[in-house]
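A.B. asks: From first to last, the protein sequence lines stand for chains A and B. Residues 1 to 181 (our numbering) make up the first sequence, in order. Residues 1 to 371 (our numbering) make up the second sequence, in order. Provided herewith is a single structure, encoded as structure tokens, for subsequent inquiry.
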Amino acid sequence: MERSRLVFSGSGGQGVITAAIILAKAAVIYEGKNAIQSQSYGAAARGGATRSDVIISESDIFFPKVNQPNILVTLTQEAYNKFSGIIRPGGLLLVDGKYVKPQKKVDAKHISLPLYDTVMKEIGKPIVFNICMLGALIGLSELLEPESIIRVLETTIPEDFMEMNKKALDLGLAMGTENRV
Amino acid sequence: MALSFMEGNEAIARGAIAAGCNFFAGYPITPATTVFANMLKMLPPKGGVCIQGEDEIASMGYCIGASMAGKKALTATSGPGISLYSEQISFAIGSEIPMVIVDVQRLGPSTGSATRGADSDIQFLQWGSTSGVPVIVLAPSDALDCYVLTVHAFNFSEKYRCPVFIASNKEIGMTKESVDLDTAVLPPIVNRTFYSGDGFLPFEAEPAAAPPFLPIGGNTLVRQTSSTHGPDGFITIDPEVIAANQQRLRDKILMAEESLTLYEETVREDADTLVISYGVTSRAVEDSCQQLAESGTPVSTLSLKTLWPVPQKLILEKTKAYKKIVVIEMNLGQYIEEIRKVVPSSNLVFYGQMNGLLISPDKIMEVITHG
């Protein structure tokens, strides 16, 4: 696709902004694409609705925000209720099964995956929830090579935490690939 | 081509390093904090000094002192910090102390919205000091601009011995994007002119020029004061001396208008409309005008990178071929008043928005088409 428009949304502290940065950075540094990542959030450090927009494109990007995402990720019910209406018809809507009950009122490919529960069962640390989500997104969309994400993680995450992050990414990738539509 | 991925604030820090900045002082504030964080990473390894002041007032004081001692100083804050800097900005203007002040604007008034962007301070930056002396304000649109304009800002501050502002915005400063710094066209680095010879008078200068510089703490006595002073740096009440100094402070900026004017334009053949914008809004304007061009309506664009001194000659020259001039701003109308002084009101269409959101390309197309 010439241009991918993504919106990540959830609650402050879930790591949605971090995940968006990792994805966009991977696209630029390891796949040579243009990308832009911006964010909007409330004044609180934790809690509150958080949104991060990412555009990945072969051509120049001017306006930095996404009006109609072709990929939307919502990790809380609040974010789902607020943002599901903006998805481009036929777009991919990824939600976490524990936190979001989709209403399916919009024209989109709804994918609900047990991201949080799988991370807690297999790894036991919620901190890598966002990386598992990123893995699922890559598995579903084949937007980038998983290797590009791993290379960004290697440059940003302390070595001791790499194993856990890789495992979370793999769990997500497996779930995403299985549910590809 | 080496693509990197960085936010506007990091690009400003990189621009400062490229310009030879060797001193930073500031106090954290969203959305400007990462300028400080990046300077903290980059400056000490190069032998520079990076200080977190106890507050904005102290930080500005550090910058003034460092610049008086010959350092190239940078500070970064947002609107509420500019308020606190204000007294000492006047000092830096009056005592001709070079420095670069980054204002990563957020939505005001007052503490306003820490996490929402706006071009809130466009008039404030010019008029936030006592006496109404002209200042230089540059407005970037993206990360590459942040890098290049910071180098220009240091050059201007050194040449004209004055504070130079960079009017950034939360939506540029905290937005990360792909950028190829190798493609940047940087101006040659300018350093302030040092005085040579005997009989140094700290404020003796040619008309419409900044005085040659000597650092405090050297072998030659350098007198500095925030009070009205003559060429010798002593307080004066002599009306002629006062008038000459006031005129010089004004002329050194206003008479340099053309060499201070920076802009970008897209001229489209057969267009009868020109859209003028600045800052992050120029990005939405570019998108909307590309879409309009694809659908058969050519519209030209002018993106101002220098906001103060107002590039009146440029605006006059660039607007004369067009029937309609559309001005778009991320506030309720600050710079339009400057354009009104140059362009006949009957040709002007204005749209401003200040609600914490970027103005969308769709909205701009609507204004261009139906405004």
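For glycine and all other residues, C-beta sits at the position ideal for the given N, C-alpha and C.
So, are the CB atoms of residue 4 of chain A and residue 70 of chain A less than 8 angstroms apart?
C.D. replies: Yes, they are a contact pair.
A.B. asks: By the three-class DSSP mapping on this structure, what secondary structure does residue 47 of chain B have?
C.D. replies: Of the three classes helix, strand and coil, the one that applies to residue 47 of chain B here is coil, per DSSP.
A.B. asks: Is residue 62 of chain A close to chain B? Criterion is C-beta to C-beta, closer than 8 angstroms.
C.D. replies: It does; some Cβ of chain B falls within 8 angstroms.
A.B. asks: Buried or exposed for residue 180 of chain A, please, with buried defined as at least 16 other CB atoms from any protein chain shown within 10 angstroms of its CB.
C.D. replies: Residue 180 of chain A comes out exposed.
A.B. asks: What residues from chain A crowd round residue 10 of chain B, counting only those whose CB sits closer than 7 angstroms?
C.D. replies: The contacting residues do not exist; residue 10 of chain B stays about 12 angstroms from chain A at best.
A.B. asks: Have a look at B:286, B:264, B:321, B:190 and flag the residue whose alpha-carbon is nearest the alpha-carbon of residue 368 of chain B.
C.D. replies: The residue with the shortest Cα to Cα distance from residue 368 of chain B is B:286.
A.B. asks: Compare the C-beta of residue 86 of chain A with all C-beta atoms of chain B and state if any pair is closer than 8 angstroms.
C.D. replies: Chain B, which has no Cβ nearer than 8 angstroms to the Cβ of residue 86 of chain A, makes this no.
A.B. asks: I'd like the span of the beta strand (DSSP E) that includes residue 229 of chain B, first residue to last.
C.D. replies: Note, residue 229 of chain B: premise wrong, no beta strand (DSSP E); not H, not E.
A.B. asks: Counting along the chain, where does the beta strand (DSSP E) carrying residue 91 of chain A start and finish?
C.D. replies: Note, residue 91 of chain A: beta strand (DSSP E), 91 to 96.
A.B. asks: Measuring CB atoms only, is the region 11 to 31 of chain A touching the region 150 to 157 of chain A, in the sense that at least three cross pairs come out at less than 8 angstroms?
C.D. replies: Contact holds: three or more Cβ-Cβ distances are below 8 angstroms.
A.B. asks: CB-CB under 8 angstroms to residue 59 of chain A, same chain, minus the five flanking residues each way: which ones, in chain order?
C.D. replies: So the list reads 2, 3, 34, once near-sequence residues are dropped.
A.B. asks: Note down, in chain order, each residue of its chain lying with its Cβ closer than 7 angstroms to the Cβ of residue 114 of chain B, except the 5 sequence neighbours on either side.
C.D. replies: Hits under 7 angstroms: 30, 106.
A.B. asks: Is it right to say residue 308 of chain B is buried, meaning 16 or more other beta carbons lie within 10 angstroms of its own, or is it exposed?
C.D. replies: With 16 or more other Cβ atoms within 10 Å, it is buried.
A.B. asks: Taking the straight line between their C-alpha atoms, what separation do you get for residue 64 of chain B and residue 151 of chain B?
C.D. replies: Computed Cα separation, rounded: 19 angstroms.
A.B. asks: At a cut of 8 angstroms, does the region 85 to 104 of chain B reach the region 26 to 41 of chain A through at least three beta carbon pairs?
C.D. replies: No, because fewer than three Cβ pairs between the region 85 to 104 of chain B and the region 26 to 41 of chain A fall closer than 8 angstroms, the two stretches do not touch.
A.B. asks: With a 10 Å radius around its C-beta and 16 neighbouring C-beta atoms as the bar for buried, classify residue 350 of chain B as buried or exposed.
C.D. replies: Flag for residue 350 of chain B reads buried.
A.B. asks: Helix, strand or coil for residue 161 of chain A per DSSP?
C.D. replies: Residue 161 of chain A falls in the helix class under three-state DSSP.
A.B. asks: Beta carbons nearer than 8 angstroms to chain A: which residues of the region 170 to 183 of chain B have them?
C.D. replies: Within the region 170 to 183 of chain B, the qualifying residues are 171, 174, 175, 176, 177, 178.
A.B. asks: Quick check on this structure: which residue in A:163, A:88, A:84, A:122 has the alpha carbon closest to the alpha carbon of residue 105 of chain A?
C.D. replies: Looking at the Cα atoms, A:84 is the closest of the given residues.
A.B. asks: Check this for me: beta carbons of residue 91 of chain B and residue 49 of chain B, under 8 angstroms apart or not?
C.D. replies: Against a cut-off of 8 angstroms, the Cβ pair of residue 49 of chain B and residue 91 of chain B comes out as no contact.
A.B. asks: For residue 163 of chain B, which of helix, strand or coil comes out of DSSP?
C.D. replies: Strand.
A.B. asks: For residue 161 of chain B versus residue 192 of chain B, is the C-beta spacing smaller than 8 angstroms?
C.D. replies: A contact, by the Cβ cut-off of 8 angstroms.
A.B. asks: Which residues in chain A have a C-beta closer than 9 angstroms to the C-beta of residue 115 of chain B? List them in chain order.
C.D. replies: Within 9 angstroms Cβ-Cβ: 39, 40, 41, 42, 43.
A.B. asks: Under 8 angstroms between C-beta atoms, does residue 198 of chain A make it to chain B?
C.D. replies: No information on residue 198 of chain A is available, as it lies outside the stretch 1 to 181 that chain A covers here.
A.B. asks: Taking buried to mean at least 16 other C-beta atoms within 10 Å of its own C-beta, is residue 320 of chain B buried or exposed?
C.D. replies: Residue 320 of chain B should be labelled exposed.
A.B. asks: Kindly say whether residue 130 of chain A, judged by its beta-carbon, lies nearer than 8 angstroms to any beta-carbon of chain B.
C.D. replies: It does not; no Cβ of chain B falls within 8 angstroms.
A.B. asks: So is residue 32 of chain A in contact with chain B if we call contact Cβ pairs under 8 angstroms?
C.D. replies: It does; some Cβ of chain B falls within 8 angstroms.
A.B. asks: Short of 7 angstroms in beta carbon distance, which residues of its chain neighbour residue 164 of chain A, apart from the five on each side in sequence? Order them along the chain.
C.D. replies: 123, 125, 128, listed in sequence order.
A.B. asks: Measure the alpha-carbon distance for residue 300 of chain B versus residue 258 of chain B and round it to whole angstroms.
C.D. replies: Cα to Cα, residue 300 of chain B sits roughly 22 angstroms from residue 258 of chain B.
A.B. asks: Residues in the region 14 to 32 of chain A with C-beta within 7 angstroms of chain B's C-beta atoms, listed in sequence order?
C.D. replies: Residues 21, 24, 25, 28, 29, 32.
A.B. asks: Quick check: is the beta carbon of residue 49 of chain A nearer than 8 angstroms to any beta carbon in chain B?
C.D. replies: No, its Cβ sits nowhere closer than 8 angstroms to a Cβ of chain B.
A.B. asks: Name the residue from B:132, B:241, B:70, B:184 whose alpha carbon lies nearest to the alpha carbon of residue 222 of chain B.
C.D. replies: Out of B:132, B:241, B:70, B:184, B:70 has the C-alpha closest to the C-alpha of residue 222 of chain B.
A.B. asks: In chain B, which residues lie less than 7 angstroms from residue 65 of chain A when you measure between Cβ atoms?
C.D. replies: Here the neighbours are 358.
A.B. asks: By the criterion of Cβ-Cβ separation under 7 angstroms, what are the contact partners of residue 286 of chain B in chain A?
C.D. replies: Correct list: 62.
A.B. asks: How close, in whole Å, do the beta carbons of residue 94 of chain A and residue 144 of chain A come, if the pair is a contact with beta carbons under 8 angstroms?
C.D. replies: Not really, about 15 angstroms apart at Cβ, beyond 8 angstroms.
A.B. asks: Return the residue from the list B:155, B:111, B:347 that minimises the CA-CA distance to residue 324 of chain B.
C.D. replies: Answer by Cα proximity: B:347.
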